[in-house]
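In this note's numbering, the protein residues as written are 47 to 978.
Ideal Cβ positions, reconstructed from N, Cα and C, are used throughout, including at glycine.
Structure, as structure tokens:
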């Protein structure tokens, strides 16, 4: 055996490889170094800091690191020296096996710049492996009659080194019968063969022991040996023979396990046991025996496990056919594995940013990744893509590295996060792809001010609101998040009526609720104009404004104020003057009132609440004008007191009253004089006068009651006589009452009567009158009213009660008439003759007297009064029911017709009973009263 080879020291090997490391290419993006294998950990490989253009101390600051895929880290960076060193002992044979060139590729990442550099380190082989035979001892059989020159195949040795350090030659120990011949194969392998130089004689020597030595080309030379035992057999003069010296087959890598690849065929012309062949692998490696199976009888080769192109691209094996006589033949078998697209691309993230601000510029790097496919050819070509609808793009950098960058501006309010699907697809058939999802959160920046849903707001608040009440709420929305979306509210500073606006309203800075700090008064403040500012908490903060109009709504909290008539300051009472000649509708005065409220709360209406003479005055509902409702009469009191109420239309309504004093006189001196006479005195005489008046009223009431009883008895008597008269004069019974002149007119005035009894005084005499509130319906005897005749019950009624002759009287003159406009009826609209005839016979006269007695009977029942009231037709004492028929012929007196200025006149010269020139018939009077 050869002596052990001499190893080089580390110092002897470092210098040339350090020089080689400095010769790497600069500026090409690829850094190349060379180094021998088997260096100790931490051995210098190259100055990586210099090649990157950096200082050694910058490596840590720029976060320079080594990036390698799926294998043990072989190299490391020395941050102090800036050099690339080994991370452990490197065995070239373990990395590259028999490859002639062993290059380790990895990348250097400068993370601060997001740049990557490729580095190649060539591992140079050293002669650290001995040539090695598979077996330490090999038995070879040879027939004794083998001819000279017969070749016996010997096992070949393997050397894991390459190049000059690989196997170079064989040596055979010296002997007489055999020599060594080395044959080079097509694959470059050297195969030793044993050549028979002299015939063998089994009888002389049955076994020949030889020593085969394999030598490499290293310095020092390393060798390996194997013992060969040649056994001489009995004669078998025909050796097996293969149909081909070399077999080859190409199969795809995805064939099923157990697939038959090929069948080897060898022949032997011998017979018997010398012609029976057996097949077997020779010099096979462990991987071959694990992967393939050879049928020893049939010579069929099949798979024992699946093939993998990425692991072994071809298999080389030797098959031997041996007969029973120990003769054999060999053939080479090459199995080529075809690549199929059975590996999907792989995406390896090198650097990733999980969050990015929405204000980043286009082109900002999000991620750096590499792609890899174990397939080859088109099956290993990869294309990367992302969805097109995203604001990102892929940029290919160095080698199979890509970086994901922004392609447009980001807006967190539209999309707050992205799940970016990176699809890596190879070009195989069919293509395979891998999807990798990169999640990116968009960080918020304060790029959106708070916004109000409306450009302006209108708020309505009832006045007299409680202090501190919430009246409105505003809400501004900010699409940002966190502090950028925290909105605070404030009011713009301003002054109102000399006071700061903050003294009227305030706003909650957090909730936006608006509060009233005082109770509003519509009469003092009707509206407020506010500016509400909403600001976020960003840096810098953003804000927006909105206009808010606050309107105070009125409540009915102010009663009407009467401006006129105003109360005098000296304590006296103001007096309004109304002349006695005033016509109905005469404007006496006007009540003027205002209400400080507004709208319906300020709509005023006037009404007469109380009057000393009801029916004399009227108040305009909306104007407040006090006017006369009828003509003033002499009997009307001088001093009239009116209470006028003014009321608004609020809910609830409020009102105010004023007392008016109206003096009925034609001039101010007359007013003063009359008021002086009527003014009450504190003397004892006045008290006595009042007592007398009360006694007089009581006496008159008693007399009146007796008078009514007498009238009732007379009426019953007259009614009995009229029934007898109707029975005797049947022709008159069928005549309708409308044929009698004046009967309907009398009935029209037999209405309700007033129950008031009052005493009035004038300058001439005293008499009793019975006033009625509705003076417009009064029928007054003008002459009797002017004479102021007292109401007396005479004896004439008793004296003439039993003498019907005294009841006879001349018919009245029919020449009494009134104009068309003055007739009783509906606005004097009756057509026909302008004249009217008074009753002109005894029956008509008795009927009129019966009607008068009927009115007296009603008065006796307490439902009417006699006098100047409308219920008694306005008849005075002359035409009252106490008068008998002896008074009836006196028709020369005037009768006042209500609703007109006409009187009924009986002319003295027309008592002759002749019919008037205007007509002969009776005129029917309307039962309705005409009102002015």
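Closest Cα partner of residue i within the set the options
i, options, result
"residue 667", "675, 658, 652 and 681", "652"
"residue 420", "463, 369 and 358", "358"
"residue 486", "410, 225, 282 and 593", "410"
"residue 310", "498, 363 and 517", "363"
"residue 543", "570, 381, 118 and 554", "570"
"residue 647", "658, 685, 610 and 699", "699"
"residue 252", "221, 278 and 418", "278"
"residue 625", "590, 673 and 582", "673"
"residue 128", "153, 100 and 136", "100"
"residue 601", "517, 507, 664 and 213", "507"
"residue 261", "210, 527, 579 and 342", "210"
"residue 135", "393, 765, 88 and 227", "88"
"residue 24", "224, 249, 332 and 246", "What the structure shows of the chain is the stretch from 47 to 978, and residue 24 is not part of that stretch, so it cannot be assessed."
"residue 710", "752, 634, 517 and 119", "634"
"residue 475", "627, 628 and 390", "390"
"residue 1021", "494, 550, 513 and 502", "Absent from the structure is residue 1021, since the part of the chain shown begins at 47 and ends at 978."
"residue 257", "317, 182 and 324", "182"
"residue 308", "365, 281, 346 and 283", "346"
"residue 86", "295, 120 and 97", "120"
Endpoints, the beta strand (DSSP E) within which residue i is located
i, result
"residue 691", "685-694"
"residue 185", "183-189"
"residue 270", "269-279"
"residue 374", "374-384"
"residue 124", "121-124"
"residue 442", "438-442"
"residue 575", "573-581"
"residue 413", "411-418"
"residue 315", "Neither: residue 315 is in no beta strand (DSSP E) and is coded neither H nor E."
For residue i, three-class secondary structure by DSSP
i, result
"residue 815", "With a pLDDT of 33 at residue 815, under the threshold of 50, the predicted position of this residue should be treated as unreliable, though the coordinate-derived value follows. Residue 815: strand per DSSP, three-state reduction."
"residue 76", "strand"
"residue 424", "helix"
"residue 170", "strand"
"residue 476", "coil"
"residue 164", "strand"
"residue 493", "coil"
"residue 320", "helix"
"residue 697", "coil"
"residue 533", "coil"
"residue 820", "Summary for residue 820: the model assigns pLDDT 35, below 50, so the residue's position carries little reliability, and this model does not support an answer."
"residue 511", "coil"
"residue 663", "strand"
"residue 748", "helix"
"residue 853", "Confidence in residue 853 is poor, its pLDDT being 35 and thus under 50, which makes the residue's placement unreliable; the coordinate value appears in the next sentence. Helix."
"residue 964", "For residue 964, the pLDDT reaches just 39, beneath the cut-off of 50, and the residue's location in the model is therefore unreliable, although a value from the coordinates is still provided. Coil, per DSSP."
"residue 461", "coil"
Where the alpha helix (DSSP H) through residue i begins and ends
i, result
"residue 138", "138-142"
"residue 337", "332-337"
"residue 105", "104-107"
"residue 608", "Element bounds for residue 608: not the alpha helix (DSSP H) but the beta strand (DSSP E), 607-610."
"residue 250", "Residue 250 -> no alpha helix (DSSP H), and no H or E assigned at all."
"residue 96", "94-97"
Minimum Cβ-Cβ distance from residue i to chain D less than 8 Å
i, result
"residue 577", "The structure shown contains no chain D; it is built from a single protein chain."
Expected contact under 8 Å - CB spacing of residue i and residue j to nearest Å
i, j, result
"residue 510", "residue 565", "6 Å"
"residue 692", "residue 654", "With 8 Å as the limit, residue 692 and residue 654 do not qualify as a contact, their Cβ atoms being about 11 Å apart."
"residue 444", "residue 377", "Residue 444 to residue 377, Cβ: 48 Å. No contact."
"residue 320", "residue 265", "Between residue 265 and residue 320 the Cβ distance is about 49 Å, and since that is not below 8 Å, they are no contact."
"residue 707", "residue 687", "6 Å"
Query raised in the report: Does the stretch 168-183 touch the stretch 78-94, meaning 3 or more C-beta pairs lie closer than 8 Å?
Result: Flag = yes, the stretch 78-94 and the stretch 168-183 touch.
**Report entry** Stretch-stretch touch, CB-based, cutoff 8 Å, three pairs: the stretch 423-431 with the stretch 459-475
**Finding:** yes
Query - Stretch pair the stretch 157-166 + the stretch 193-201: three plus CB contacts closer than 8 Å - result: no
Query raised in the report: Can we say the stretch 529-545 touches the stretch 554-566, given the rule of at least three CB pairs closer than 8 Å?
Result: The stretch 554-566 and the stretch 529-545 touch, with three or more beta-carbon pairs separated by less than 8 Å.
Query raised in the report: Do the stretch 291-308 and the stretch 371-390 meet, that is, are 3 or more Cβ pairs less than 8 Å apart?
Result: Per the Cβ contact rule, the stretch 291-308 is in contact with the stretch 371-390 (3 or more Cβ pairs under 8 Å).
Query - Contact between the stretch 151-158 and the stretch 106-115 (3+ Cβ pairs under 8 Å) - result: Contact between the stretch 151-158 and the stretch 106-115 is present: three or more C-beta pairs spanning the two stretches fall below 8 Å.
Query raised in the report: Three or more beta-carbon pairs under 8 Å between the stretch 178-193 and the stretch 141-149, yes or no?
Result: no
Query raised in the report: At a cut of 8 Å, does the stretch 579-596 reach the stretch 626-640 through at least three beta carbon pairs?
Result: no
Requested in this report: Decide if the stretch 479-499 is in contact with the stretch 390-409; the criterion is three or more beta carbon pairs, one per stretch, under 8 Å apart.
Outcome: yes
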